[in-house]
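Going from the sequence shown to my numbering is simple: count from 1 and add 6. Read through the structure below, which is laid out as structure tokens, and then see the notes.
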Amino acid sequence: MGLLEGKIALVTGASRGIGKAIALKLASEGADVAFTYGRSKEGALAVAAEIEAMGRKAIAYASDARSFADAHSVVEQVVADFGRIDILVNNAGITKDGLLLRMTEEQWDDVIEVNLKSVFNYSQAVVPVMARQRAGSIICMSSVVGEHGNAGQCNYSASKAGIIGLTKSIAKEMGARGIRANCIAPGFIETDMTAALPQDLRDQYAKTIPLRRAGTPDDVAKVALFLASDLSSYVSGQVINVCGAMNS
Ligand code: NAP
């Protein structure tokens, strides 16, 4: 029997990368999985098919994570389709890098809205559902740069630091209703997001990581599984770094 037998998960941004790895990992341990995607419809349908091939239920919902109204209607639809929500993974995220002096208002607003506002949107929509159940696990994707900052990523670092504050506050507000909330702070993980960086910069990063390799989406998904399951029943309000000791 899997660790998540009978559980329902909702993952934002699971058409690719870390979100996809998490959706598949949760399904492999018995969860049925609802997930959202933005632009990658083909990828989303392939993820849903992969989950169904494991014998689990999966539905992909097209939704812009920055939209408050979309988040609330997706959550309503997931409850109608699946009956409950036990696990929320706030994963959707983007980068629009630039030095502070050259950063446009649009770069700032886009990153804060997709990365940080989306966590507010989905968490607020899901919390009443979990509170009624007197149980739930909320997992939010921060980053080591939310803890340490990063030149060229003031917007992204601020969004990821904001996620930590928001998640710790949810843990404190909702603990009495049986809801746990934690962050994962990945380091340098091989996905489309990091593939966009120049090769020399990626090589430079890899050299500075004490474990001497970039992380994989599955490295992150294993920690998401821990936080989603009863293995972490007394873990709440925490940030778990998945970074090979990078920046630690
Ligand atoms: P990725 O490969 O670029 O995938 C991003 C995912 O987010 C995609 O599924 C994308 O969906 C979705 N998404 C983006 N904007 C969206 C929007 N407006 N509405 C709905 N979905 C949206 O990125 P990743 O590397 O897997 O990153 C996943 C999370 O981990 C992000 O929060 C990221 O900040 C965080 N993280 C990543 C790293 C890393 O090294 N890769 C390190 C630390 C933290 P569509 O393609 O369908 O639009």
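Cβ atoms here follow ideal geometry from the backbone N, Cα and C, with glycine treated the same way. For clarity, every value in this text was computed on a predicted model and none was experimentally measured.
Y1: CB within 8 Å of a non-hydrogen atom of ligand 1: The requested residue 1 does not occur in the structure, where the chain is confined to residues 7 to 254.
Span of the beta strand (DSSP E) holding C189? Unbroken beta strand (DSSP E) run through C189: 185–192.
For the alpha helix (DSSP H) containing A77, list its first residue and its last residue. 74–88
Answer yes or no: the CB of K166 versus the heavy atoms of ligand 1, is any distance below 8 Å? Annotation for K166 indicates a beta carbon within 8 Å of some heavy atom of ligand 1.
Please classify K26: is it buried, with 16 or more other beta-carbons within 10 angstroms of its beta-carbon, or exposed? Buried, since its Cβ has 16 or more Cβ neighbours within 10 Å.
Hey, is G250's beta-carbon within less than 9 Å of any beta-carbon in chain D? Considering every chain present, this structure includes no chain D. It has just one protein chain.
Quick check on P223: buried or exposed, where buried means 16 or more other Cβ atoms within 10 Å of its Cβ? buried
Let me know if K178 comes out buried or exposed under the rule of 16 or more other beta-carbons within 10 Å of its beta-carbon. exposed
Would you mind sorting Y162 into buried or exposed? The rule is 16 or more other CB atoms within 10 Å of its CB. buried
Taking 8 Å as the cut-off, does the CB of N253 come closer than this to any heavy atom belonging to ligand 1? no
Is it right to say T42 is buried, meaning 16 or more other beta carbons lie within 10 angstroms of its own, or is it exposed? buried
One or two residues paired with N96 in a DSSP bridge: C146
Please find out if some non-hydrogen atom of ligand 1 comes closer than 8 Å to the beta-carbon of K123. In this structure, K123 has its CB at a distance of at least 8 Å from all heavy atoms of ligand 1.
Is any non-hydrogen atom of ligand 1 found closer than 8 Å to the C-beta of A234, if you look at the structure I gave you? no
Quick check on the burial criterion: 16 or more other C-beta atoms within 10 angstroms. Buried or exposed for K47? exposed
Using the three-state DSSP reduction, which class does Y240 fall into: helix, strand or coil? coil
Can you name, in chain order, every residue of its own chain whose Cβ lies under 6 Å from the Cβ of I14, other than the five neighbours on each side? For I14, where only same-chain residues beyond five positions count, the Cβ hits under 6 Å are D38, F88, R90, I91, D92.
Using 9 Å as the threshold, is the C-beta distance between A164 and I215 below it? no
Comparing the CB of A230 with every heavy atom of ligand 1, is any distance shorter than 8 Å? no
In whole angstroms, what is the alpha-carbon distance linking R140 and P204? Using only the alpha carbons, I get a separation of about 47 Å.
Looking at ligand 1, does it come within less than 8 Å of K31, judged from the CB to the closest heavy atom? Relative to ligand 1, K31 has its C-beta separated by 8 Å or more from all heavy atoms.
Could you please give me the residues that DSSP links to I65 through a beta bridge? A40
Beta-carbon contacts of G158 that lie in its chain and below 7 Å, excluding the five residues immediately before and after: So the qualifying residues of the chain are D103, G104, L105.
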